[in-house]
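There are 2 protein chains.
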Amino acid sequence: MIKVSVLGYGTVGSGVVEILRENHDIIQKRVGEELQLKYVLDLRDFPGDPVEQVLVHDFQIIADDPEVQIVVETMGGLHPAYEFVKTCLERGKSVCTSNKALVAAYGPELLELAKSRNANFLFEASVGGGIPIIRPLKTSLAPDEIQEISGILNGTTNYILTKMTEEGLDFDTVLKDAQEKGYAEKDPTADVEGYDACRKIAILTSLAYGKQLDFEDIYTEGITKITKRDIAYGKKLGGKIKIFGSSRKIGDKVSAMVAPALIDAQHPLYSVDGVFNAILVKGNMVGDVMFYGQGAGKLATASAVVSDVMDCSKHVNVNINTLWDAEKLDLVPMEDARSKFFVRVSGAPEENREKVTAAFGSVQPVDGGYGDEYAFVTEEITEGAYEKAAREVGNVINKIRVQM
Amino acid sequence: MIKVSVLGYGTVGSGVVEILRENHDIIQKRVGEELQLKYVLDLRDFPGDPVEQVLVHDFQIIADDPEVQIVVETMGGLHPAYEFVKTCLERGKSVCTSNKALVAAYGPELLELAKSRNANFLFEASVGGGIPIIRPLKTSLAPDEIQEISGILNGTTNYILTKMTEEGLDFDTVLKDAQEKGYAEKDPTADVEGYDACRKIAILTSLAYGKQLDFEDIYTEGITKITKRDIAYGKKLGGKIKIFGSSRKIGDKVSAMVAPALIDAQHPLYSVDGVFNAILVKGNMVGDVMFYGQGAGKLATASAVVSDVMDCSKHVNVNINTLWDAEKLDLVPMEDARSKFFVRVSGAPEENREKVTAAFGSVQPVDGGYGDEYAFVTEEITEGAYEKAAREVGNVINKIRVQM
Chain A
259 MIKVSVLGYG
269 TVGSGVVEIL
279 RENHDIIQKR
289 VGEELQLKYV
299 LDLRDFPGDP
309 VEQVLVHDFQ
319 IIADDPEVQI
329 VVETMGGLHP
339 AYEFVKTCLE
349 RGKSVCTSNK
359 ALVAAYGPEL
369 LELAKSRNAN
379 FLFEASVGGG
389 IPIIRPLKTS
399 LAPDEIQEIS
409 GILNGTTNYI
419 LTKMTEEGLD
429 FDTVLKDAQE
439 KGYAEKDPTA
449 DVEGYDACRK
459 IAILTSLAYG
469 KQLDFEDIYT
479 EGITKITKRD
489 IAYGKKLGGK
499 IKIFGSSRKI
509 GDKVSAMVAP
519 ALIDAQHPLY
529 SVDGVFNAIL
539 VKGNMVGDVM
549 FYGQGAGKLA
559 TASAVVSDVM
569 DCSKHVNVNI
579 NTLWDAEKLD
589 LVPMEDARSK
599 FFVRVSGAPE
609 ENREKVTAAF
619 GSVQPVDGGY
629 GDEYAFVTEE
639 ITEGAYEKAA
649 REVGNVINKI
659 RVQM
Chain B
259 MIKVSVLGYG
269 TVGSGVVEIL
279 RENHDIIQKR
289 VGEELQLKYV
299 LDLRDFPGDP
309 VEQVLVHDFQ
319 IIADDPEVQI
329 VVETMGGLHP
339 AYEFVKTCLE
349 RGKSVCTSNK
359 ALVAAYGPEL
369 LELAKSRNAN
379 FLFEASVGGG
389 IPIIRPLKTS
399 LAPDEIQEIS
409 GILNGTTNYI
419 LTKMTEEGLD
429 FDTVLKDAQE
439 KGYAEKDPTA
449 DVEGYDACRK
459 IAILTSLAYG
469 KQLDFEDIYT
479 EGITKITKRD
489 IAYGKKLGGK
499 IKIFGSSRKI
509 GDKVSAMVAP
519 ALIDAQHPLY
529 SVDGVFNAIL
539 VKGNMVGDVM
549 FYGQGAGKLA
559 TASAVVSDVM
569 DCSKHVNVNI
579 NTLWDAEKLD
589 LVPMEDARSK
599 FFVRVSGAPE
609 ENREKVTAAF
619 GSVQPVDGGY
629 GDEYAFVTEE
639 ITEGAYEKAA
649 REVGNVINKI
659 RVQM
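Residue numbers (the working numbering), protein chains in the order written: chain A, 259 to 662; chain B, 259 to 662.
Here it is, written out as C-alpha cells:
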C-alpha cells in the first residue's frame with residue numbers, strides 16, 4: 259500500500275481526492291498496489307465532507323509521517339507551496355503538483371532536490387490541465403530535436419476570442435459573460451494579459467531544451483487590445499485571432515513569446531475553440547504532433563495529477579530523470595524575432611501610401627469598410643524592423659502577428 | 259553504452275537508423291548513455307550505404323550476441339517477425355516494434371514473455387505512426403476509465419476521403435492518384451477495406467481495457483462503397499465522411515467497429531484531413547483528449563520506435579508493466595450496437611413514405627437533387643433494428659453511420 263497526502267482541498271485537490279476514490283479499483287489494478295489517502299491539508303474545515311476523516315491543519319503532521327510517500331501539492335501560489343514541497347522532497351517524499359507558478363519559478367531546483375533523494379517531482383497538470391503534454395514531451399518526443407512549440411494554453415482567453423469571433427461582440431462584453439459563467443476570474447489579469455500562458459510556455463520550452471527559460475524574459479502580450487474590428491478584419495482575410503504561447507529554435511538560440519496571432523484554416527490549431535486548449539509540437543523527425551483537451555477544470559486537471567501520482571507509485575526510490583538545468587536558455591532578443599504583421603492604420607490608403615511604402619515596402623490595402631481606417635499585412639520582418647516602420651508611419655491603430 | 263540492433267532495413271528500419279545517427283547527441287543526453295547500433299538484419303545488400311558496416315543476413319548473430327540489449331523489429335508481417343521477437347525476448351532482450359499485425363495477433367503472449375524475463379516489449383509505432391498514443395494511454399490516461407476511443411487511424415483512406423470531399427471526385431479516380439503519389443499501395447485492400455484500422459483499434463481497445471480484443475471479431479467496413487453522392491449528401495447535411503476505428507464501453511462490455519461515419523464541424527476530428535491521423539480518447543475524469551499527427555511516414559514512425567528504444571534504455575532489467583491479458587474482452591454483439599444512420603433510398607419520398615415510415619418511423623427526406631433517389635437520417639437505433647428496417651424498405655442504396 260502506498261500512502262498519499264494532498265496539500266490544499268480546493269478545486270484541483272478535491273478533484274484528486276474524488277478520482278482516488280471513484281476510480282480506486284482501476285487505479286489499484288494499473289499501479290499494482292493500493293493507493294491510500296492518508297491526509298488532506300487545508301486551513302479550512304469541511305463539516306459533513308468525508309474528507310473530515312483525513313483532514314489536518316498542520317503541515318508538519320504530513321512532513322513528519324514517514325509512511326507518506328507521495329504528496330500532492332494543489333495549494334497554488336508560491337508560498338508556502340515552495341517551502342512545503344521542498345520539505346517533502348528533502349525527506350524523500352515524491353511530489354506531484356498542478357502549480358505552474360511554482361514549477362516555472364523553482365523547477366530546476368526542485369527537480370535537482372528530488373533527484374538527490376531518489377524521489378520524484380512531477381507536474382503534468384501544470385500545463386494544459388488534463389492534456390498529456392509534459393510526459394509526452396519527456397518520453398514520446400525524446401528522440402526529436404524540438405523545433406517549435408505553439409500552444410493555446412489558456413482556456414479563458416480562448417473562450418473570449420472564440421465568443422468575440424462567433425458573435426461579433428467586444429472584449430468587455432465577453433469578459434463579463436465569461437466571469438458570470440465562471441470561465442474568467444473576478445480579477446482576470448493573469449489570464450487576459452497572458453501571464454498564465456507565459457508561465458506555461460516557459461515550462462514547456464525549458465523542458466524541450468533542458469535549460470531554464472525565465473518567464474520574466476518572455477515577451478508577453480494579452481488580448482485586452484483586441485477589438486471587434488481586428489476580429490472582423492481577420493475574418494475578411496480568411497483567418498481567426500488566437501492567443502499563442504510559442505517558442506521556436508533558431509540556430510543555437512530560442513525565440514519565445516505570448517501574443518495574439520492571426521491564423522487560417524490550414525493551421526492545426528485553427529479549430530481549437532472555446533475553453534479547449536491544444537499544444538502543437540514540431541520535432542525534427544516526427545513532424546507536427548498536436549495534443550488537445552480540457553486545459554482546465556477540476557477533474558481533467560486532477561486526472562493529470564493522479565497520472566503523476568501513479569507514475570511515482572511505479573517509481574518508488576527511482577528518480578525519473580527530467581532534463582531541466584538551472585543554466586539559462588539562450589534567448590533570441592525580441593527585436594530579432596520574425597513575423598508577418600497585420601497592421602491597421604487610420605486614414606485612407608491613398609493618404610498613407612507614400613509613407614507606408616517607404617516604411618513597409620509595397621503592401622496590399624485591405625478595406626474593412628469603416629471609412630476611417632484600413633489594414634495591410636507585411637512580409638516577414640523582425641520585431642525591431644516592425645517597430646521602426648510603425649514609428650515612421652505614425653498612425654498605426656493596432657498590429658497582430660500573422661501565421662498564414 | 260547500450261547496444262541496439264534493427265531487424266529489417268526497410269522504410270521504418272532505415273528511419274530508425276537515420277534518427278539514431280542524426281539525433282545521436284540529443285538521444286545520448288536524454289538517455290544518459292550512448293546508444294550504439296550493433297547490427298542491422300536484412301536479406302538484401304545495400305552497396306555504398308553506411309549500413310553495410312553493421313549489416314548481417316543471419317538473425318542468429320543478433321540472437322546469440324549477449325551484448326545486444328535492445329532489438330528493433332521493423333520487418334513487418336507475422337513470420338518470421340513473431341519467431342524472431344520471441345527468441346529475442348526469451349533471451350532477455352527488449353523488443354520495440356512498429357508491426358501492428360504482430361502486436362494485434364500476439365500482444366498478450368509477447369508482453370507476458372517480456373515480463374517473465376524482466377525485459378520490455380513496446381510498440382508505440384504500431385498505432386498512429388508518429389503520434390504518441392500507446393504510451394499516453396498506458397500512463398497519462400491511467401487514472402481514467404476509458405469510455406470511448408475514436409480514431410482516424412489510416413492515412414490512405416483519410417487522404418482519399420478528403421480528396422473526394424474537397425474536389426468532388428469519385429473513389430477510383432482518387433485511389434489512382436493516391437497510388438501515383440505513394441499514399442496508397444499497389445494492392446490497397448488492407449487500407450481501403452479497413453483491415454489496417456481494424457488491427458489498430460484492436461490494439462488500442464485491448465490496452466484500454468486490459469483484455470484481448472481479437473481483430474477478427476471487430477465489424478469492419480471500408481470506404482470502397484462511398485460514392486460522390488454520399489459525399490455530396492454529407493455536405494448538404496453540414497458534415498463530412500470520415501472512416502473511424504472506434505470502441506465504446508457499454509456497461510461491462512465494449513462495442514467496437516471500423517466504419518465510415520458522417521460527422522459535423524462540432525466533432526473534434528472534423529478538421530483532421532489528408533494523410534494526417536488523430537485519435538480521440540474520452541476518459542471518465544479527463545473528458546475528451548485528442549492526439550494528432552503523421553500516422554505514417556518513415557521518420558515520424560521511426561521517431562515513435564526510437565522513443566521506445568529510449569524507454570527500454572532507461573528500464574534495463576525493469577519491466578514496464580502493460581496490462582493486456584490474453585483473456586477475451588466481452589464484446590457487445592454488432593446487432594446491439596447503436597447509431598443514427600444516414601440512409602439513401604431509390605425513388606421519390608412520396609412513393610416510399612408509407613414503407614419508410616413503417617420501418618424507420620417518421621423521417622425528414624433530404625433531396626440530393628438527383629431525381630432518382632433521396633435520403634434521410636434515422637434516430638439512434640441498433641444495428642439489428644437498422645438491418646431489419648432496411649430489409650423491409652427494400653430499396654436502400656447505401657447507409658452511413660452518423661455522429662452529429
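All C-beta atoms, glycine included, are put in the ideal place defined by N, C-alpha and C.
Note that the structure is a prediction, hence the values are computed from the model and not measured.
For residue j and residue i, the rounded distance between their alpha carbons
i	j	result
B/Thr420	B/Val635	22 Å
A/Glu280	B/Thr431	52 Å
B/Val329	B/Val614	59 Å
B/Lys458	B/Ile481	17 Å
A/Pro324	B/Gly545	35 Å
A/Leu581	B/Leu371	32 Å
B/Gly452	B/Ala460	12 Å
A/Phe473	A/Cys456	6 Å
A/Met515	A/Asp588	14 Å
A/Ala448	A/Asp454	5 Å
A/Val576	B/His573	11 Å
B/Leu399	A/Glu637	43 Å
B/Phe549	A/Ala606	46 Å
B/Ser384	A/Gly553	28 Å
A/Tyr364	A/Asp402	26 Å
B/Lys344	B/Met333	14 Å
B/Ala558	A/Leu538	15 Å
A/Val450	A/Gly266	26 Å
A/Glu348	A/Lys373	10 Å
B/Glu438	B/Asp531	19 Å
B/Ser529	A/Val264	40 Å
B/Asp316	B/Gly335	18 Å
Pair within 8 Å by beta-carbon distance, residue i and residue j
i	j	result
B/Tyr297	B/Val270	no
A/Ser620	A/Val660	no
B/Leu278	B/Leu295	yes
A/Ser571	A/Ile284	no
B/Ala595	B/Glu650	no
A/Leu520	A/Gly492	yes
A/Met568	A/Val312	no
A/Arg602	A/Ile655	yes
B/Ile499	B/Ile489	yes
A/Pro446	A/Thr414	yes
B/Gly626	B/Lys494	yes
A/Tyr417	A/Val564	no
B/Lys444	B/Glu585	no
A/Glu276	A/Ala562	no
Cβ neighbour criterion (16 or more within 10 Å) applied to residue i
i	result
A/Asn378	buried
A/Phe304	exposed
B/His525	buried
A/Lys540	buried
A/Gln318	exposed
A/Glu631	buried
A/Ala523	exposed
A/Gln622	exposed
B/Ala536	buried
B/Asn376	exposed
B/Arg393	buried
Within chain C, partners of residue i - CB distance below 8 Å
i	result
B/Ser398	Within the model displayed, chain C is absent; protein chains A and B are what it includes.
- prompt: Can you list, in chain order, the stretches of the alpha helix (DSSP H) that have 4 or more residues and sit fully within the segment 376–412 of chain B?
  reply: 392–396
- request: Return the residues of the segment 482–504 of chain B that lie within a Cβ-Cβ distance of less than 8 Å from chain A, sorted by chain order.
  value: none
query: In the segment 565–584 of chain A, which residues sit with their C-beta less than 7 Å from some C-beta in chain B, listed in chain order?
result: Ser565, Met568, Asp569, Asn579, Leu581
Length at least 4, wholly inside the segment 551–601 of chain A: the alpha helix (DSSP H) runs in chain order: 556–572
field: Those runs of the beta strand (DSSP E) which lie wholly inside the segment 301–370 of chain B and span at least 3 residues
entry: If only uninterrupted beta strand (DSSP E) runs of at least 3 residues are considered, those enclosed by the segment 301–370 of chain B are 326–331, 352–355.
query: Where are the alpha helix (DSSP H) runs, 4 residues long or more, that stay fully inside the segment 605–645 of chain B, in chain order?
result: The segment 605–645 of chain B contains these whole alpha helix (DSSP H) runs: 607–618.
- prompt: Between the segment 278–298 of chain A and chain B, which residues of the former have a C-beta closer than 9 Å to a C-beta of the latter?
  reply: The segment 278–298 of chain A vs chain B, Cβ under 9 Å: Leu278, Glu280, Asn281, Ile284, Ile285, Lys287, Arg288, Val289, Gly290.
- request: Quick one: which residues of the segment 399–425 of chain A get their C-beta closer than 9 Å to a C-beta of chain B? List them in chain order.
  value: Leu399, Ala400, Pro401, Asp402, Glu403
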